[in-house]
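Peer 1: Chains as they are written, first to last, in my numbering: chain E, 245 to 574; chain Z, 245 to 574.
1. Find the nearest neighbour of residue 350 of chain E within the set E/462, E/492 and E/302, judged by alpha-carbon distance.
2. In or out: residue 543 of chain E buried (at least 16 other Cβ within 10 Å) or exposed?
3. Applying a beta-carbon distance threshold of less than 8 Å, which residues of chain E neighbour residue 485 of chain Z?
4. Could you tell me which of Z/562, Z/528, Z/251 and Z/318 sits nearest to residue 538 of chain Z, measuring between CA atoms?
5. Locate the alpha helix (DSSP H) running through residue 520 of chain Z, then write down its first and last residues.
6. Does the beta-carbon of residue 531 of chain E, which I'm using as the reference point, lie nearer than 7 Å to any heavy atom of the ligand ZN?
7. Comparing alpha-carbon positions, which option in E/347, E/358 and E/352 lies nearest residue 330 of chain E?
8. Would you say residue 534 of chain E faces chain Z, with C-beta separation under 8 Å as the test?
9. Whole-angstrom Cβ separation of residue 432 of chain Z and residue 486 of chain Z, contact assumed at under 8 Å?
10. Counting C-beta neighbours from all protein chains within 10 Å, is the total for residue 445 of chain Z 16 or more, i.e. buried, or is it exposed?
11. For chain Z, check one thing: does any of its Cβ atoms lie closer than 8 Å to the Cβ of residue 503 of chain E?
12. Leaving out five residues before and five after residue 288 of chain E in sequence, what residues of the same chain have Cβ atoms less than 6 Å from its Cβ?
13. Taking the alpha-carbon positions, what's the residue 396 of chain Z to residue 560 of chain E distance?
14. Given residue 355 of chain E, which residues of its chain have a CB within under 6 Å of its CB, disregarding the five upstream and five downstream residues?
15. So is residue 586 of chain E in contact with chain Z if we call contact Cβ pairs under 8 Å?
16. Would you list the one or two residues that DSSP bridges to residue 382 of chain Z?
17. Residues in the same chain with beta-carbon distance under 7 Å from residue 417 of chain E, minus the five sequence neighbours each way, listed in chain order, please.
18. Could you give the distance in angstroms between the alpha-carbon of residue 388 of chain Z and the alpha-carbon of residue 548 of chain Z?
19. Which partner residues does residue 328 of chain E have in the DSSP bridge list?
20. CA-CA distance, residue 429 of chain E and residue 495 of chain Z?
21. Locate the alpha helix (DSSP H) running through residue 440 of chain E, then write down its first and last residues.
22. What are the boundary residues of the beta strand (DSSP E) that residue 257 of chain E is part of?
23. Measuring alpha carbon to alpha carbon, tell me which residue in E/452, E/311 and E/375 is nearest residue 477 of chain E.
24. Quick test of the definition: if touching needs 3 or more C-beta pairs under 8 Å, does the stretch 290 to 301 of chain E touch the stretch 273 to 281 of chain E?
25. Suppose contacts are defined by Cβ-Cβ distances below 8 Å. Is residue 286 of chain Z in contact with residue 255 of chain Z by that definition?
26. Could you name the residues of the same chain whose beta carbon sits closer than 7 Å to that of residue 493 of chain E, not counting the 5 residues immediately before and after it, in chain order?
27. Can you give the Cα-Cα distance for residue 488 of chain Z and residue 512 of chain Z, rounded to whole angstroms?
28. Please work out which residues of its chain come closer than 7 Å, Cβ to Cβ, to residue 322 of chain E, disregarding the five sequence neighbours upstream and downstream, and give them in chain order.
29. Sorted by chain position, which residues of the same chain lie with C-beta nearer than 6 Å to residue 384 of chain E's C-beta, five sequence neighbours on each side aside?
30. DSSP three-state label for residue 350 of chain Z, please.
31. Do residue 340 of chain Z and residue 327 of chain Z have their beta-carbon atoms positioned less than 8 Å apart in this structure?
32. What first and last residue would you give for the beta strand (DSSP E) that runs through residue 457 of chain Z?
33. Closest by CA to residue 249 of chain E, which one among E/437, E/506 and E/272?
34. Beta-carbon within less than 7 Å of residue 423 of chain Z's beta-carbon, same chain only, minus the 5 sequence neighbours each way: which residues are those?
35. Can you find a CB in chain E that lies within less than 8 Å of the CB of residue 250 of chain Z?
36. Between residue 438 of chain E and chain B, is there a C-beta pair that is closer than 8 Å?
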C-alpha cells in the first residue's frame, strides 16, 4: 500500500456520542460512523467505547489495516503513558490504561490526548496553526479550554492540564466557580454557564425576548446572541460580559506567551457576530506587548469534524514520532 | 586545565552599572568587578559595555581564558542570533549584533539573554528551579517580568518577549499604562509604579507616615511595606492592591501553564512580610486547577549576584549546547 493511501483510526469520545472514522495524513476522513455513549458510570462509559470500536472494526474489515489509532478524550489524559487519568463530564474516577488495553484487544497501537489538545494538534497540522510556530487554540463551547503550542510542540504542563484557561480569574469576586475560585472565565463566557446564568436572573427581566425560549426549555447561546443584536437588555449584558472576560483572557495569554496568533473554535464561534464583538474588544484594549492578540482567527476546520480530525492527528503524530525513533536507531 | 576549574565570563548589563565576573559551572563567582554605565544614548551605552569588558580583560590577564562569555541585557534580546534588538531603560533603538562584535573584539564566543530570562536560567541550573521541569520565575522590582520554563526549556515566544507578565490585565480600567492598555499588573504591583502612585495621591493622605519620606525624596517600597504593617492607610491600600493583582496573575499563570511551582525574586521580595501576604492571598483564592500557585517559593539565590550568575549560566548553557552538537557530529 502506498503511503498516501495509509489511514489511521480516529476515535472521538464525547459525553453523548462516539465518532469513529478513517483519517488520511492529509486530514481526509472517510467511513465515519457514530455510536452511542452511556456515561452513567465509568464502567458503562468504557463499555460504550469498546463496543463502538468492536462494531467499527467488524464493519470495516474490507479496508486495509490502519497504521495506528488515536483517541480524543475529555478530562485529564497522560498522553505519554497512554492513560486516561480522570474526567468529570464522563465519570472517570480511576485511571484507565486505554492504550495498553487497545493494543491487547485489537493488536493496534493507540495514541491518546485530551480533546482540546487533540483539536489543537489538528489546527497545527491542518488548520490555521500551520502558518505559526507559536499559537494558542481556544475552544469556547459548553466549557472553555485551550491548547498552547510553542515551537510546534503542544505544552502538556506538569500534570497534563496546561491550557485550562477556563479557570483564569478575569471577573469579580461575586461569581463563585465549582473549582473553588471566584471570577473564573468559564463562569462568565462559556455557553453552559451563560445559559445557566440567564435562567437564574431571567425573573428580573420579565420583558426579555429570551423568556419564551427559557420557558420552553430550549434556550441556547444562539438565542442570547440574536437577542443581544436586537437590543434585549439581558442578552446584551450577558454578551458584553462574555466579550470582556474572553478579551481580557486573550490579551493576557498573548502578553504572557508572545504567540504569533490565536485561533478560536467551539460552539460560540459558530456565531460570526460574537467573534466580531470579541475582535473589536481585543483591538481596542490590547497594547504594545499584546500584538498577537489582534491576530485572532476563527478556526477553518469543520466544527462537526474537528474532534475526529484531532483524534486522527494525534495518531499520525505518534506514528511519525515512532518512525523517527526507528530511523535514529538504525 | 581540569573541567572543574573552567570558568565563563558573566556580564550583567544594568541601567546604572555593569558587573563582570568569572563563573564556574557550579555557579561560584570570583573576580567580580563593577563598571559605570552611561545610558544617555545608545552609543554611550555600548561604549560603556566595551570599555568595561576591555578593562576587565586587561585586569584579569593572569587568569586562564574563559570558555565563553554570557551577557544579561535589559529589553528584547534575540538569543538565537546574538542580537540586542531593543530596550527602553537603556535606549537601544537600533538592533546591535553584540555576539558578532564580541567575537571580533575578544576572539571569544558570547551568548546573550534578556536579564529576567537569564535569571530564570540561573534558577533552573542553580536555584529553586533545579527541582522542577515546569516552572515560572517572576521578578518584581522596578518593573515586572517573568521567565517560563517548560520541560526544562526557557520559552522565548515568537518575538523573544515571552514572560512580559507586567502587561497582563488584572486591574480596573482607570489605571492607564504606557503600553496603551488599562489595568496592567506593572502599574499596580511594581516598585516603580507603586512609588509613583503613592507620590501622586499622597496629598489626599496628609497624616500618612510616608509623608516625611516623600518630602525628603527618599521614598522606597520598603517604607511603604513598613508603614502598611503599622496600619498606615495609604500604605495598606497600596500593598493590598499589589498583593491582589500579583496574586491574581500568579493564579492565572499557574492555571494556564500547569507549572509545578513558581519562584519569586526581585527587590519587593527582599521583604518577607510582603511575600507572606502574597502567599496567603494565593492560598485563599486559588482553586482546583491552580494547585501549583500554592507552591510559591522565594528565590534562594543572592539578589545582588543573580544578574551575574544568570549571565554566567547563559554562557554555560550555550557552551554545553555547542559540545552536544559537536559530539553528535563526530
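Note that the Cβ used here is the ideal one computed from N, Cα and C, for glycine as well.
None of the values given here were measured: they were computed from a predicted structure.
Peer 2: Reading it off the structure:
1. On the first chain, position 106 is the one that residue 350 of chain E refers to. Minimum Cα distance to residue 350 of chain E is reached at E/302.
2. Stepping through the first chain from its first residue, residue 543 of chain E is reached at position 299. Buried is the label assigned to residue 543 of chain E, since at least 16 other Cβ atoms lie within 10 Å of its Cβ.
3. Position 241 of the second chain holds residue 485 of chain Z. Under the 8 Å cutoff, chain E gives no residues; its nearest Cβ is about 14 Å from residue 485 of chain Z.
4. On the second chain, position 294 is the one that residue 538 of chain Z refers to. Answer by Cα proximity: Z/528.
5. Position 276 of the second chain, counted from the start, is the residue given in the question as residue 520 of chain Z. Residue range 516 to 529 is occupied by the alpha helix (DSSP H) that includes residue 520 of chain Z.
6. Although the ligand ZN was asked about, the structure shown includes no ligands whatsoever.
7. Your numbering for residue 330 of chain E matches position 86 in the first chain. Measuring C-alpha to C-alpha distances from residue 330 of chain E to each of E/347, E/358 and E/352 identifies E/358 as the nearest.
8. Start at 1 with the first residue of the first chain, and residue 534 of chain E comes out as number 290. At least one chain Z Cβ lies under 8 Å of residue 534 of chain E.
9. Numbered from 1 along the second chain, position 188 holds the residue referred to as residue 432 of chain Z. Numbered from 1 along the second chain, position 242 holds the residue referred to as residue 486 of chain Z. Right, their Cβ atoms sit about 6 Å apart.
10. Numbered from its first residue, the second chain carries residue 445 of chain Z at position 201. The C-beta of residue 445 of chain Z has fewer than 16 other C-beta atoms within 10 Å across all chains shown, which makes the residue exposed.
11. Mapped onto the first chain, residue 503 of chain E falls at position 259. At least one chain Z Cβ lies under 8 Å of residue 503 of chain E.
12. Along the first chain, one-based indexing puts residue 288 of chain E at 44. Excluding residues within five positions, the ones whose Cβ falls inside 6 Å are 282.
13. Position 152 of the second chain, counting from 1, holds the residue named residue 396 of chain Z. Position 316 of the first chain, counting from 1, holds the residue named residue 560 of chain E. Straight-line Cα distance between these residues: approximately 26 Å.
14. Taking the first residue of the first chain as 1, we reach residue 355 of chain E at position 111. Closer than 6 Å at the Cβ level, and outside the excluded window around residue 355 of chain E, lie 314, 558, 559 and 562.
15. In this structure chain E extends from 245 to 574, so residue 586 of chain E is not present and cannot be described.
16. Within the second chain, residue 382 of chain Z is the residue found at index 138, counting from 1. When DSSP reads this structure, residue 382 of chain Z sits in a beta bridge with Z/390 and Z/508.
17. Mapped onto the first chain, residue 417 of chain E falls at position 173. Excluding positions up to five away in sequence, the list reads 426 and 427.
18. Locating residue 388 of chain Z in the second chain gives position 144, where the first residue counts as 1. Locating residue 548 of chain Z in the second chain gives position 304, where the first residue counts as 1. C-alpha separation (whole angstroms): 17 Å.
19. As a position in the first chain, residue 328 of chain E is number 84, starting the count at 1. Residue 328 of chain E pairs with E/321 and E/340.
20. Within the first chain, numbered from 1, the residue matching residue 429 of chain E stands at position 185. Within the second chain, numbered from 1, the residue matching residue 495 of chain Z stands at position 251. Taking the straight line from one Cα to the other gives about 13 Å.
21. Within the first chain, residue 440 of chain E is the residue found at index 196, counting from 1. Per DSSP, the unbroken alpha helix (DSSP H) holding residue 440 of chain E starts and ends at 435 to 445.
22. By 1-based counting over the first chain, the position of residue 257 of chain E is 13. Note, residue 257 of chain E: beta strand (DSSP E), 251 to 257.
23. Along the first chain, one-based indexing puts residue 477 of chain E at 233. Comparing Cα positions, the closest option is E/452.
24. Yes: the two stretches touch, three or more of their Cβ pairs being nearer than 8 Å.
25. Within the second chain, numbered from 1, the residue matching residue 286 of chain Z stands at position 42. Within the second chain, numbered from 1, the residue matching residue 255 of chain Z stands at position 11. At least 8 Å separates the beta-carbon of residue 286 of chain Z from that of residue 255 of chain Z.
26. If you number the first chain from 1, residue 493 of chain E lands on position 249. Result list for residue 493 of chain E: 409, 412, 414 and 429, in chain order.
27. Taking the first residue of the second chain as 1, we reach residue 488 of chain Z at position 244. Taking the first residue of the second chain as 1, we reach residue 512 of chain Z at position 268. Those two C-alpha atoms are separated by around 15 Å.
28. Counting from one through the first chain, the residue named residue 322 of chain E turns up at place 78. Within the same chain, residue 322 of chain E has close Cβ partners 329 and 404.
29. By one-based count along the first chain, residue 384 of chain E stands at place 140. The answer, listed in chain order, is 510 and 512.
30. As a first step, residue 350 of chain Z must be located in the second chain, where it is residue number 106. Judged by DSSP in its simplified three-state form, residue 350 of chain Z adopts helix.
31. Against the second chain, residue 327 of chain Z aligns to sequence position 83. Against the second chain, residue 340 of chain Z aligns to sequence position 96. With a cutoff of 8 Å on beta-carbon distance, residue 327 of chain Z and residue 340 of chain Z are scored as near each other.
32. The residue given as residue 457 of chain Z occupies position 213 in the second chain. Under the DSSP assignment, residue 457 of chain Z falls outside any beta strand (DSSP E), being part of the alpha helix (DSSP H) whose first and last residues are 455 to 459.
33. As a position in the first chain, residue 249 of chain E is number 5, starting the count at 1. Nearest neighbour of residue 249 of chain E by Cα position, chosen from E/437, E/506 and E/272, turns out to be E/272.
34. Here residue 423 of chain Z is taken as the residue at index 179 of the second chain, counted from 1. So the list reads 411, once near-sequence residues are dropped.
35. Numbered from its first residue, the second chain carries residue 250 of chain Z at position 6. For residue 250 of chain Z, the answer is no, since every Cβ of chain E falls outside 8 Å of its Cβ.
36. Although the question refers to chain B, the structure presented lacks it and instead comprises the protein chains E and Z.
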